[in-house]
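One structure below.
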Amino acid sequence: MSSLYIYNSLTRQKEKFEPIHAPHVGMYVCGPTVYNDAHIGNVRTFSSFDMICRYLRYSGYIVRYVRNITDAGHLTNDRGEGVNRMESQAKLERLEPMEIVQKYTVGFHQVMALFNTLPPTIEPTATGHLIEQIDLIEQLIKNDFAYEVNGSVYFNVKKYNEQYHYGMLSGRNIDELIAGYRDLDGQEEKKHSIDFALWKKASPEHIMQWRSPWGMGFPGWHLECSAMSTKYLGQEFDIHGGGMDLKFPHHECEIAQNNGSHGHGGAKYWLHTNMLNFDGQKMSKSLGNAILPLEFLSGSHPLLDRGYSPMAIKFLFLQSHYSSELDINIKGLQDAEKGLKRLMDARKLLSNIPLANIKPLTEQTSIDLKIVALCEECKTNMDDDFNTAKTIACLFELSTIVNSLKDGNIQSNQLSVHSVSLLAKTFEDYLIEIFGLKPIEENNHGKLDDVLQVLINIRKEAKIKKDFATSDKIRNELLEKGVQLKDEKDGTVSWSI
RNA sequence: GGUCUUGUAGCCGAGUGGCUAGGCAAAGCUCUGCAAAAGCUUCUACACCGGUUCGAAUCCGGUCGAGACCUCCA
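Quick note: to get the working numbering, add 1 to the position in the first sequence (first position is 1).
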């Protein structure tokens, strides 16, 4: 079906993508914890997986895309210390925990829609799958990989490691992990410091708690992903994705829970997207420098000079590889804005190319061959671990051809019908369908175009009278409003936003 | 300390054992009433030191620098 290669974090190498049940593909991505606003780093990760999902579909696969919502109010660490994030936010905002969940889930969806990402096909919540999680714990206890102490249940990592390899994904060594934990370890109820919670007993003041065979409590953070990926995608599925920061411990624990309960690690391919920095500095919730997506759009954050369109931001993301760290800054945003405009302008131009002089396919010129080669290269690049950066480079080269065609540097009779339609299809497929980019402000242009034509005509009359003061005034003032007039070689006037 | 990633032209950012990605910026030219846009041209880099090789920025070793994870985060 395709010759896609994917870098698999589990094996640390690029592997040919062979779905377990082609043409069906199961993909699970760790979603957000909805206790406050999603930040721009989250957007990068989910945009990356959106592109991956879109490309898989474009390649002919039928994708079941599962992305969870974490709404169960976990503690800030695995050792039972820290605070319940959902609850503390609820107290802060004087809302019910589930109002917090609702508020930030809705906000998250709005942001993802602004960035034109497709919704997952299943978006399960942790609190909606407590029964599955409890079942999973019971299975782990039955398999002797988990034990109960005082109403809490822990995963026995040492026991597990006798049969499996805890650390296979993240490259950790269990002894070193134990050594690292030792001094932090108090008088705990866990058997070993590296054991992690599957179920935590809730103290009476906890608002978010549920009944279980071990008393009132709440599930461990890692548990929901194992339970829900198994439920919707099976014990063995194709792709598991998430941010790099989840590799350890979260994904490592997921694998352990999967193996411990049903003997399969879960996903065949593990994909990790890398982190986003702002101006060279790590961006994270804990550092408090995480700029919110809406702040980027409005420019309301003090570190920004103005707002930037979600598509420009998304284009910036796509210009680097999903697995590379990326720095976002004002210069980069401005560059991305210009680059995206260049591609979108070329796409628009393609729909207006006069086809009259174009030859039927009899012989192929060197330009035809170049177009075909570049268009094919787009797919080759995407098949190489979703190399969007290289694909975009091809589109830029194709843009130059399109622009040359417009300027007359390339004559339309040098092209065949085939390559012109291939060109148009390639821009449409990659820009719109796979990258999920939207032309800037394309709606309502019908009326706007009528209005602008009036101004363009007045300006034309002024120019005929050599009244350049008036003609420049019209052009300059429109530019101030963000509308650019371009006098084309053939005497017509075009405009863009 | 452990695990891992990384160091590419003014900036951003791909990539490969030999065939100089691309974008932005800058300069020149063409076009234009002037612009803008666009086209053409120029700027040809891979931290440092060794090694392997006919040939390395690309592989190996070392040095130095940067970063991530090991604690909540995508």
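Positions of the beta carbon are idealized from the N, C-alpha and C atoms, including for glycine.
task: Would you check if there are 3 or more beta carbon pairs closer than 8 Å linking the stretch 27-34 to the stretch 299-315?
output: The stretch 27-34 is not in contact with the stretch 299-315.
task: Would you mind sorting V102 into buried or exposed? The rule is 16 or more other CB atoms within 10 Å of its CB.
output: Label assigned to V102: buried.
- request: Identify whether Y59 lies in helix, strand or coil by the three-state DSSP scheme.
  value: Correct three-state label for Y59: helix.
message: Please return the same chain residues whose Cβ sits closer than 7 Å to the Cβ of T392, not counting the five positions on each side in sequence.
response: Closer than 7 Å at the Cβ level, and outside the excluded window around T392, lie C379, N382, M383, Y431.
- prompt: Which word fits L319, buried or exposed, when buried means at least 16 other C-beta atoms lie within 10 angstroms of its C-beta?
  reply: L319 counts as buried, since at least 16 other C-beta atoms from the protein chains shown sit within 10 angstroms of its C-beta.
message: Which same chain residues end up closer than 6 Å to G221 when comparing Cβ atoms and leaving out the 5 residues on each side of it in sequence?
response: Result list for G221: A198, L199, in chain order.
message: Suppose you measure from the CA of G267 to the CA of H22; what does that come to, to the nearest Å?
response: When rounded, the distance between both Cα atoms is 14 Å.
query: Going straight from the alpha carbon of V484 to that of F297, what length do you get?
result: About 22 Å.
message: Taking the beta strand (DSSP E) that E225 belongs to, which residues open and close that run?
response: It is not in any beta strand (DSSP E) - E225 instead sits in the alpha helix (DSSP H) that spans 224-234.
- prompt: For Y155, does the three-state DSSP call read helix, strand or coil?
  reply: Of the three classes helix, strand and coil, the one that applies to Y155 here is strand, per DSSP.
field: Status (buried if at least 16 other CB within 10 Å, exposed otherwise) for T493
entry: Looking at its Cβ environment, which holds fewer than 16 other Cβ atoms inside 10 Å, T493 is exposed.
- prompt: Is S417 helix, strand or coil when you go by DSSP?
  reply: In the structure shown, S417 adopts extended strand secondary structure according to DSSP, grouped into three states.
- prompt: Considering only residues of the stretch 386-469, which uninterrupted alpha helix (DSSP H) runs meet the minimum length of 4 residues and lie entirely inside it, listed in chain order?
  reply: Runs of the alpha helix (DSSP H) inside the stretch 386-469: 389-408, 418-428, 446-465.
task: Tell me whether the beta-carbon of E237 lies closer than 7 Å to the beta-carbon of H193.
output: No, the pair does not count as a contact, with Cβ atoms beyond the cut-off.
- prompt: Considering only residues of the same chain and omitting the five flanking positions on each side of I457, which have a CB-CB separation below 6 Å?
  reply: Leaving aside the five residues that flank I457 on each side, the residues in its chain whose CB is nearer than 6 Å to its CB run, in chain order, V494.
- request: Please report the residue range of the beta strand (DSSP E) in which P220 lies.
  value: Per DSSP, the continuous beta strand (DSSP E) segment holding P220 begins and ends at 218-220.
- prompt: Can you list the beta strand (DSSP E) stretches of 3 or more residues lying completely in the stretch 16-57, in chain order?
  reply: Within the stretch 16-57, complete beta strand (DSSP E) segments of at least 3 residues are found at 25-30, given in chain order.
query: For S49, is the classification buried or exposed, using 16 other Cβ atoms within 10 angstroms of its Cβ as the cut-off for buried?
result: Buried, because 16 or more other Cβ atoms sit within 10 Å of the Cβ of S49.
- prompt: Near H223, what residues of its chain come up, given a Cβ to Cβ distance below 6 Å and the 5 sequence neighbours on each side ignored?
  reply: Excluding positions up to five away in sequence, the list reads H251, C254, E255.
- prompt: In chain order, what residues of the same chain lie with their CB nearer than 7 Å to the CB of N78, ignoring the 5 residues before and after it?
  reply: At N78, the pLDDT of 48 sits below 50, so the modelled position is not reliable and the matter cannot be decided from this model.
query: Under the DSSP definition of a beta bridge, which residues are partnered with A268?
result: Beta-bridge pairing links A268 to F238.
- request: Write down the C-beta distance between L350 and V403 rounded to the nearest angstrom, noting that I regard them as a contact closer than 8 Å.
  value: Yes, L350 and V403 are in contact; Cβ-Cβ is about 5 Å, under 8 Å.
message: I want to know whether the stretch 109-129 touches the stretch 35-48 - three or more CB-CB distances under 8 Å.
response: With the cut-off at 8 Å, the stretch 109-129 and the stretch 35-48 touch.
query: Got a sec? Which residues, its chain only, sit under 6 Å from T274 by beta carbon, not counting five neighbours each side?
result: Excluding residues within five positions, the ones whose Cβ falls inside 6 Å are T46, S49, G244, Y323.
field: Local conformation of E149 per DSSP, three classes
entry: Of the three classes helix, strand and coil, the one that applies to E149 here is strand, per DSSP.
message: So, under 8 Å CB-CB, F428 and L396 are touching, yes? Tell me the CB distance rounded to an integer number of Å.
response: Confirmed, Cβ separation roughly 7 Å.
query: Quick one, are the C-beta atoms of F387 and I53 less than 7 Å apart?
result: Against a cut-off of 7 Å, the Cβ pair of I53 and F387 comes out as a contact.
task: Ignore the nearest five residues each way along the sequence and tell me which others in N144's own chain have a CB closer than 7 Å to its CB.
output: By the criterion of a C-beta distance shorter than 7 Å, N144 is surrounded in its chain by G261, S262, once the five residues flanking it on both sides are discounted.
query: How many Å lie between I195 and A257 at the Cα?
result: Rounded to whole angstroms, I195 to A257 spans 13 Å at the Cα level.
field: Alpha-carbon spacing of D176 relative to A39, whole angstroms
entry: So the two alpha carbons sit approximately 36 Å from each other.
- request: Give me the Cα-Cα distance between L272 and I240, rounded to the nearest whole angstrom.
  value: Counting only the Cα atoms, I240 lies some 7 Å from L272.
field: Cβ-Cβ separation, C376 to L423 (assumed contact under 8 Å), whole Å
entry: Confirmed, about 5 Å.
- prompt: Is DSSP giving D186 helix, strand or coil here?
  reply: With a pLDDT of 43 at D186, under the threshold of 50, the modelled position of this residue cannot be trusted; read the value that follows with caution. Coil at D186, not helix or strand.
query: A257 lies in the alpha helix (DSSP H); which residues open and close that run?
result: Boundaries of the alpha helix (DSSP H) around A257: 253-263.
- request: Verify whether the separation of the beta carbon atoms of P513 and M209 is less than 7 Å.
  value: No answer is possible for residue 513: it lies beyond the span of the chain, which begins at 2 and ends at 498.
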